[in-house]
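Per the working numbering, residue 7 is the first one in the sequence shown, and the count goes up by one each step.
Built from N, CA and C at the ideal position, the CB exists for glycine as well.
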Amino acid sequence: MVTELRLDPLSGRWAAIRPQRADRPDAFVDRTPWPTEQRSNCPFCKEHANDEQVLAETSEDNNWTARVVANRYPAFDTDEPFVVFNKGPVFTEATAGGTHEVVVFSPDHDKSFAELTNSEVADVMSLLKERLTAHAATKNLRYTQVIINAGREAGASVEHPHGQLLGISFVPRELAEEQGQFSRFVAGCLLCVALDAETASGRRTVLDSTHALVVAPYWSSVPYEMLVLPRNHGTHVHNEAPETLTGIGLAIRDCLAALKRTVGNVAYNVVLHSAPYNHGEPFHWHVHLWPKATTRAGFEMGTGVSINVMPPEVAAEQLRANLEV
Ligand SMILES: [Zn+2]
Ligand SMILES: [Zn+2]
Ligand SMILES: [Zn+2]
């Protein structure tokens, strides 16, 4: 059997599609359970709601339904600009200011993004738009990375479902790489073309809605990887209309629910890529869903080439069958 290499046009990296032999045991593992103290000491539950609140959606009885709080242990803070110092032939350092916020999806400790109601998804997406608009207008913030880490294997340190916004004073390498790939692609917008090509093929479609096409991308580097493509070509998340953002949020929710029905309670990362604040075209914002069903091992780290045992065509078929829209 020849291993098939497929090029990821966003990252420029190869993925090796190497289906598992059918008789091999299931290699996908559920996330590890949390220690019980997590629940009683949860900083995001209603009864422990003392964190510095940045912004909230509230219900009629004035309780919050979703809210943004400052991270107690920020990875970045201060409004320092990005300034590089050369301290020796191989010692380059830079000051990096920024801001680190947490979006708590619901006061309910057990309600994951996949379980939010339509109006709860709309609330979360509206908070996101408002905070990103504020970040865009903040001096020295050049990019905000929006993520959801779900499960300890995916890097979560708190069980209560939440997302994070890391506003930083520099454009990180992954974004710069993607921007470069958009610039080098000459046949139009890279992701508008991908959207058309995947629609025409249909083989990797997971969800097809008014606002989004979700596919198991052709170049999937991990089993059940998904790419959420907004149908509307836009560079920045915070410039999108509220109904577009809600539509994308609902697509993410439904695909995460399908993932759980398909492979069980695996950990995952959701990664949103929007153009850096001072840049625009060519870019098409999008969302990566990366399940953590397998471990990134030495070969992947040494080569940047990932070996994917689940062909995206098969993954899409299974996910599609488990989608309840
Ligand atoms: Zn909680
Ligand atoms: Zn586009
Ligand atoms: Zn991306």
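Bridge partners - residue i, DSSP secondary structure assignment
| i | result |
| --- | --- |
| Val110 | Arg73 and His168 |
| Ala257 | Paired residues: none, contrary to the question. |
| Arg12 | Ala21 |
| His292 | His279 |
| Val89 | Thr101 |
| Ser312 | Ala21 |
| Leu59 | Correcting the residue identity first, residue 59 is Gln in this sequence and not Leu. Partner(s): Val75. |
| Leu134 | According to DSSP, which records beta bridges pairwise, Leu134 is partnered with nothing at all. |
| Ala156 | Tyr274 |
| Trp149 | Checking the sequence shown, residue 149 turns out to be Tyr, not Trp. Paired residue(s): Ile174. |
| Val234 | Val220 and Val293 |
| Thr64 | Trp70 |
Expected contact under 8 Å - CB spacing of residue i and residue j to nearest Å
| i | j | result |
| --- | --- | --- |
| Arg158 | Thr42 | 14 Å between Cβ atoms; not a contact. |
| Leu181 | Pro15 | 15 Å between Cβ atoms; not a contact. |
| Ala156 | Ser118 | 7 Å |
| Ala321 | Tyr230 | 5 Å |
| Arg179 | Tyr283 | With a Cβ gap of about 17 Å, Arg179 and Tyr283 do not count as contacting. |
| Leu235 | Leu256 | Leu235 to Leu256, Cβ: 14 Å. No contact. |
| Leu133 | Glu58 | About 15 Å separates the two Cβ atoms, so there is no contact after all. |
| Leu172 | Phe82 | 6 Å |
| Val127 | Arg259 | 6 Å |
| Val311 | Trp20 | 5 Å |
| Val228 | Asn314 | 6 Å |
| Glu86 | Lys93 | Going by Cβ atoms, the distance from Glu86 to Lys93 rounds to 17 Å, so no, they are not a contact pair. |
| Val272 | Ala247 | Rounded, the Cβ-Cβ distance is 32 Å, inconsistent with contact. |
| Arg210 | Pro113 | The pair is not a contact, with the Cβ atoms about 37 Å apart (cut-off 8 Å). |
| Ile174 | Ala102 | 6 Å |
| Ala120 | Leu262 | 4 Å |
| Val130 | Leu122 | 7 Å |
Near ligand 4: residue i beta-carbon under 7 Å from a heavy atom
| i | result |
| --- | --- |
| His166 | Summarising the ligand content, the structure contains ligand 1, ligand 2 and ligand 3 and does not contain ligand 4. |
Is the region 266-284 touching the region 138-153 in the sense that three or more CB pairs, one from each, lie closer than 8 Å? Flag = yes, the region 138-153 and the region 266-284 touch.
Whose CB is closer than 6 Å to a heavy atom of ligand 3? List the residues in chain order. Leu16, Glu184, His279, His292 and His294
Ordered list of alpha helix (DSSP H) runs contained in the region 193-223, each at least 4 residues: 196-207
Please enumerate, following chain order, all residues with a beta carbon closer than 6 Å to at least one heavy atom belonging to ligand 2. Cys195, Leu197, Cys198, His239 and His290
Given 8 Å as the limit, is there contact between the region 294-302 and the region 183-195, that is, 3 or more CB pairs closer than that? No: the two stretches stay apart, fewer than three of their Cβ pairs being nearer than 8 Å.
Given 8 Å, three or more beta-carbon pairs between the region 95-109 and the region 68-77: yes
The region 45-53 touching the region 162-170, judged by at least three CB pairs closer than 8 Å: yes
Any 3 or more C-beta pairs closer than 8 Å across the region 304-311 and the region 241-249: With the cut-off at 8 Å, the region 304-311 and the region 241-249 do not touch.
Whether or not the region 281-289 and the region 247-262 are in contact is what I'm after, with contact meaning three or more pairs of Cβ atoms, one per stretch, closer than 8 Å; do they touch? no
Does the count of Cβ pairs from the region 323-330 and the region 266-275 closer than 8 Å reach three? Cβ pair count under 8 Å is three or more, so yes.
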